[in-house]
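Colleague: One structure follows; several queries about it will come next.
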Amino acid sequence: MEQLLEILRNLHDDVDFETEERLIDDGILDSLDIVTLIAEISDRFDVTITARDIVPENFNSAQAMADLIRRLEEEN
Amino acid sequence: MLFTSYEFIGFLAILLIAYYLVPRRVQAPLLLVASGVFYAFSGWENLLFIAFTVMTVWAGGLLLARSIGRQKDYLSGAGKELAAPEEKSYKETQKKRRKGILAAVLVLNLAVLAAVKYLGFFARGINGILGFTGFALPIPTDWIIPMGISFYTFQSIGYLVDVYRGTVPAERSLWRFALFVTFFPQLVQGPISRFGDLSATLFKPHPFQASTLRRGLERVLWGYFKKLVIADRLAVAVLTVTGSPDTYRGGYIAFLLIVYTVQLYADFTGGIDITIGIAEAMGITVAENFRRPFLAVSLKDYWRRWHISMCSWFRDYVFYPVSTSQAMRSLTKGTRKLLGDRVGRKIPLYLSSFLVWGATGLWHGANWNFVTWGLCNWAVLMISEELEGAYGAFHSRFSFADGKAWKVFCIARTFLLVAAMNLFDCYATLSQTFTAFFSVFIPGSWAGFRVSDLLQLGLSGSDYIVAGAAVVLMFCVSLLGAKKSVRDRLAAKPFALRFALILLLVCAILIFGAYGRGYDAGQFIYNRF
Chain B
0 MEQLLEILRN
10 LHDDVDFETE
20 ERLIDDGILD
30 SLDIVTLIAE
40 ISDRFDVTIT
50 ARDIVPENFN
60 SAQAMADLIR
70 RLEEEN
Chain P
0 MLFTSYEFIG
10 FLAILLIAYY
20 LVPRRVQAPL
30 LLVASGVFYA
40 FSGWENLLFI
50 AFTVMTVWAG
60 GLLLARSIGR
70 QKDYLSGAGK
80 ELAAPEEKSY
90 KETQKKRRKG
100 ILAAVLVLNL
110 AVLAAVKYLG
120 FFARGINGIL
130 GFTGFALPIP
140 TDWIIPMGIS
150 FYTFQSIGYL
160 VDVYRGTVPA
170 ERSLWRFALF
180 VTFFPQLVQG
190 PISRFGDLSA
200 TLFKPHPFQA
210 STLRRGLERV
220 LWGYFKKLVI
230 ADRLAVAVLT
240 VTGSPDTYRG
250 GYIAFLLIVY
260 TVQLYADFTG
270 GIDITIGIAE
280 AMGITVAENF
290 RRPFLAVSLK
300 DYWRRWHISM
310 CSWFRDYVFY
320 PVSTSQAMRS
330 LTKGTRKLLG
340 DRVGRKIPLY
350 LSSFLVWGAT
360 GLWHGANWNF
370 VTWGLCNWAV
380 LMISEELEGA
390 YGAFHSRFSF
400 ADGKAWKVFC
410 IARTFLLVAA
420 MNLFDCYATL
430 SQTFTAFFSV
440 FIPGSWAGFR
450 VSDLLQLGLS
460 GSDYIVAGAA
470 VVLMFCVSLL
480 GAKKSVRDRL
490 AAKPFALRFA
500 LILLLVCAIL
510 IFGAYGRGYD
520 AGQFIYNRF
């Protein structure tokens, strides 16, 4: 989770990712951010995030992203 | 059928009455028949095109569903004991098969779209050349592009990709799927609906509710107001200026920049109001396509507010798949090695955006004007992205940049930027577009221009006053609707006041609507897509 938060803070250092739960719904993360995020996550955690995983439920909060990463790691 | 035609008003009136008189389980089939009739008005042969898309995509969806179902059954039954590597290999094979089905149906439908759009382009080109000799080949260019083909093809593709991704279950019923694709209010100019969203209300029975019908019709009325009083009126002047690119330069183009953007806004949002209003009158929810785009503070913000369904379609079905593809991941590895982490990561990102915006431009029209328009948007967005750091520094240094005046400046700047790029819609060739645009900055092009010359473009002084007043009303109503729906505010008022306002609106449309004039100008700008 700490690694994920570090990645997120590198993207936007002015956002409180520990509490924010509407990152997509409120437009805090845009499509370029999402793609950059996916590339970083894929590198750091050795998972493959594809377009089918890019739904608000998976990216609205840091916790949701952590859950997605865990699910993909288990599938591997 | 144009929305602004007597046939359509008659068709709509009959349909709405029938819709609430028939047994509820007949409502959806009735809509399908109505959509077929509506579409047939644009040409019987066009029905073949839309039927082709309906059949192929529906069948593709069922094939995908069968494959997904079989995989699930196998892995929970006979394949339960498979070791991890074998299970992975089995899944990969099934995925490849599904990819093949998806690709085949996509290629088929995109090929039809491409052929149809390019054919029209070539036919017009041939006629244009022959026109110099006074001859013209009897190629019927009117019917060549089936109405709304860009919209319904993309809507169908979205459905199929959603089935492939497991986001929605495949629709087993052919007639229900056909209704999703052919739902007539959307055929003219979208929005591009998602199956998961639209199907939630499209197939349900809808008992008559006076408030629902009233709200829907109020919105339809508002759409007609924007279309007939503002857009069709301004179109006369716009067509005069753009019709003679050599005559009208300088001051006329400055006028055109503002007026065309206002016309486009009124025309497109008015058409969508009619679309959403008709659906709403029948109890069907169609997603919003605009969110006060004239308040955008940047181009990025603008594209979250304008033609939302198209933007999100390209994002979800082109940008994300392309930018997260294996090819892009490999490219990123390469560029990071070559150019370092920071720059290396951006190259594939900007390349994906380039492809998306090029495709967006091409979707709008099979000519260089639209492609250039798309790429201009891309260039501005990428430059803004790169300058974000500098903007941040600017804002922290200058506190006025947080104030209202700065916001107004950003809104005005964005409006002018969008207006400038909209010029690509106006002329047939790139050189005409650039010549017109740059003439605004050449003092010589303004020589002899007087503001009173704008009265020679087909619109009188009273036309401008009516248009101006209507535009102010349009923006005020839009702003009013930001916090609470205007129709809800209206519903809370006494009946007499509501009745009077609606009656005033109807009268305004009847008296001030630009009828008959420039009938061809009455074509919805986005109708040719």
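Chains as they are written, first to last, in numbering that gives the first Met the number 0: chain B, 0 to 75; chain P, 0 to 528. For every residue, glycine included, the Cβ atom is placed at its ideal position computed from N, Cα and C. Computed from a predicted structure; not experimentally measured.
Which residues, in order along the segment 34-54 of chain B, keep a beta-carbon less than 8 Å from a beta-carbon of chain P?
Modeller: Cβ contacts with chain P come from Val34, Thr35, Ile37, Ala38, Ser41, Ile48, Thr49, Ala50, Arg51, Ile53, Val54.
Colleague: Among Tyr247/P, Ala64/P, Ser210/P, whose alpha-carbon lies nearest the alpha-carbon of Gly443/P?
Modeller: Nearest option by C-alpha distance: Tyr247/P.
Colleague: Would DSSP call Arg291/P helix, strand or coil?
Modeller: Arg291/P: coil per DSSP, three-state reduction.
Colleague: Where does Ser459/P land, buried or exposed, given buried means 16+ other C-beta within 10 angstroms?
Modeller: Exposed is the call here.
Colleague: How would you list, in chain order, the residues of chain B whose beta-carbon sits under 7 Å from the beta-carbon of Arg314/P?
Modeller: Correct list: Ser30.
Colleague: Out of curiosity, what's the CA-to-CA distance linking Asp313/P and Arg412/P?
Modeller: With the sequence shown as reference, residue 313/P is identified as Phe, and Asp is not the correct amino acid for it. If you take the alpha carbons of Phe313/P and Arg412/P, they lie about 26 Å apart.
Colleague: What number of angstroms, rounded off, separates the C-alpha of Arg175/P from the C-alpha of Ile8/P?
Modeller: The alpha-carbon atoms of Arg175/P and Ile8/P are separated by roughly 25 Å.
Colleague: Distance check for Trp302/P and Ala33/P, CA to CA, integer angstroms please.
Modeller: For Ala33/P and Trp302/P, the distance between alpha carbons rounds to 33 Å.
Colleague: With a 10 Å radius around its C-beta and 16 neighbouring C-beta atoms as the bar for buried, classify Cys425/P as buried or exposed.
Modeller: Looking at its Cβ environment, which holds 16 or more other Cβ atoms inside 10 Å, Cys425/P is buried.
Colleague: What separation, rounded to the nearest whole angstrom, lies between the Cα atoms of Lys336/P and Pro204/P?
Modeller: Cα to Cα, the separation comes out at about 59 Å.
Colleague: Using DSSP with H/G/I as helix, E/B as strand and the rest coil, what is Asp245/P?
Modeller: Three-state DSSP puts Asp245/P in coil, outside helix and strand.
Colleague: Just to confirm before moving on: does the CB-CB distance between Phe289/P and Trp305/P stay below 8 Å?
Modeller: Contact flag set, yes.
Colleague: Could one say the Cβ of Asn9/B lies closer than 8 Å to chain P's Cβ atoms, at least one of them?
Modeller: Not an interface residue.
Colleague: What did DSSP end up calling Asp424/P once you bin it into helix, strand or coil?
Modeller: Reduced to three states, the DSSP call for Asp424/P is helix.
Colleague: When the Cα atoms are used, what is the spatial distance from Leu461/P to Gly343/P?
Modeller: At residue 461/P the sequence reads Ser, which differs from the Leu that was named. Those two C-alpha atoms are separated by around 58 Å.
Colleague: Would you please verify whether the beta carbon of Leu14/P is less than 8 Å from any beta carbon of chain B?
Modeller: By this cut-off, Leu14/P is not an interface position.
Colleague: Indicate whether at least one CB of chain B lies closer than 8 Å to the CB of Pro145/P.
Modeller: With 8 Å as the cut-off, Pro145/P does not count as an interface residue toward chain B.
Colleague: If you measure from the beta carbon of Gly26/B to each beta carbon in chain P, is any gap under 8 Å?
Modeller: Yes, Gly26/B lies at the interface with chain P (some Cβ there is under 8 Å from its Cβ).
Colleague: Please identify, using Cβ separations under 7 Å, the residues of the segment 340-366 of chain P that lie next to chain B, in order along the chain.
Modeller: Under the 7 Å Cβ criterion, the segment 340-366 of chain P contributes Arg344, Leu348.
Colleague: Using a Cβ-Cβ distance cut-off of 8 Å, determine whether Ser198/P contacts chain B.
Modeller: No, Ser198/P lies away from the interface with chain B (no Cβ there is under 8 Å from its Cβ).
Colleague: Who are the near neighbours of Glu74/B in its chain, counting only those whose CB is closer than 8 Å to its CB and skipping five residues on each side?
Modeller: None.
Colleague: Round the Cβ separation of Gly215/P and Glu279/P to the nearest angstrom and send it over; I've been treating them as touching at under 8 Å.
Modeller: Contact flag correct, Cβ pair sits at about 4 Å.
Colleague: For Tyr316/P, I'd like the list of residues in its chain whose CB is within less than 7 Å of its CB, leaving aside the five on either flank, ordered along the chain.
Modeller: Excluding residues within five positions, the ones whose Cβ falls inside 7 Å are Ile156, Gly157, Val160.
Colleague: Under a three-way DSSP split, which group does Thr323/P fall into?
Modeller: Correct three-state label for Thr323/P: coil.
Colleague: Using DSSP with H/G/I as helix, E/B as strand and the rest coil, what is Lys116/P?
Modeller: DSSP places Lys116/P in helix when its eight states are reduced to three.
Colleague: Using the Cα positions of Thr241/P and Ala491/P, report the straight-line distance between them to the nearest angstrom.
Modeller: So the alpha carbons of these two residues sit roughly 45 Å apart.
Colleague: Does Arg396/P get closer than 8 Å to chain B when you measure Cβ to Cβ?
Modeller: No - not a single Cβ of chain B is within 8 Å of the one on Arg396/P.
Colleague: Using CA atoms only, rank isn't needed, just tell me which of Phe51/P, Leu220/P, Gln93/P, Ala50/P is closest to Leu502/P.
Modeller: Residue Leu220/P is the option with its Cα nearest to Leu502/P.
Colleague: For Leu7/B versus Ala61/B, is the C-beta distance shorter than 8 Å?
Modeller: Contact: yes.
Colleague: Could you tell me the alpha carbon to alpha carbon distance between Phe397/P and Glu217/P, rounded to whole angstroms?
Modeller: Approximately 46 Å between the Cα atoms of the pair.
Colleague: Roughly how many angstroms separate the alpha carbons of Gly517/P and Gly333/P, rounded to a whole number?
Modeller: With a pLDDT of 44 at Gly517/P, under the threshold of 50, the modelled position of that residue is not reliable, and no figure is offered here.
Colleague: How close, in whole Å, do the beta carbons of Asn368/P and Tyr259/P come, if the pair is a contact with beta carbons under 8 Å?
Modeller: Not really, about 14 Å apart at Cβ, beyond 8 Å.
Colleague: From Phe293/P, Glu86/P, Leu453/P, pick the residue whose C-alpha is nearest to that of Leu263/P; which is it?
Modeller: For Leu263/P, the nearest C-alpha among the options comes from Phe293/P.
Colleague: In the DSSP assignment, find the unbroken alpha helix (DSSP H) run with Arg43/B in it and report its ends.
Modeller: From DSSP, the alpha helix (DSSP H) with Arg43/B extends over 30-44.
Colleague: Contact between the segment 13-25 of chain B and the segment 44-61 of chain B is defined here as three or more beta-carbon pairs at a separation below 8 Å; is this criterion met?
Modeller: With the cut-off at 8 Å, the segment 13-25 of chain B and the segment 44-61 of chain B touch.
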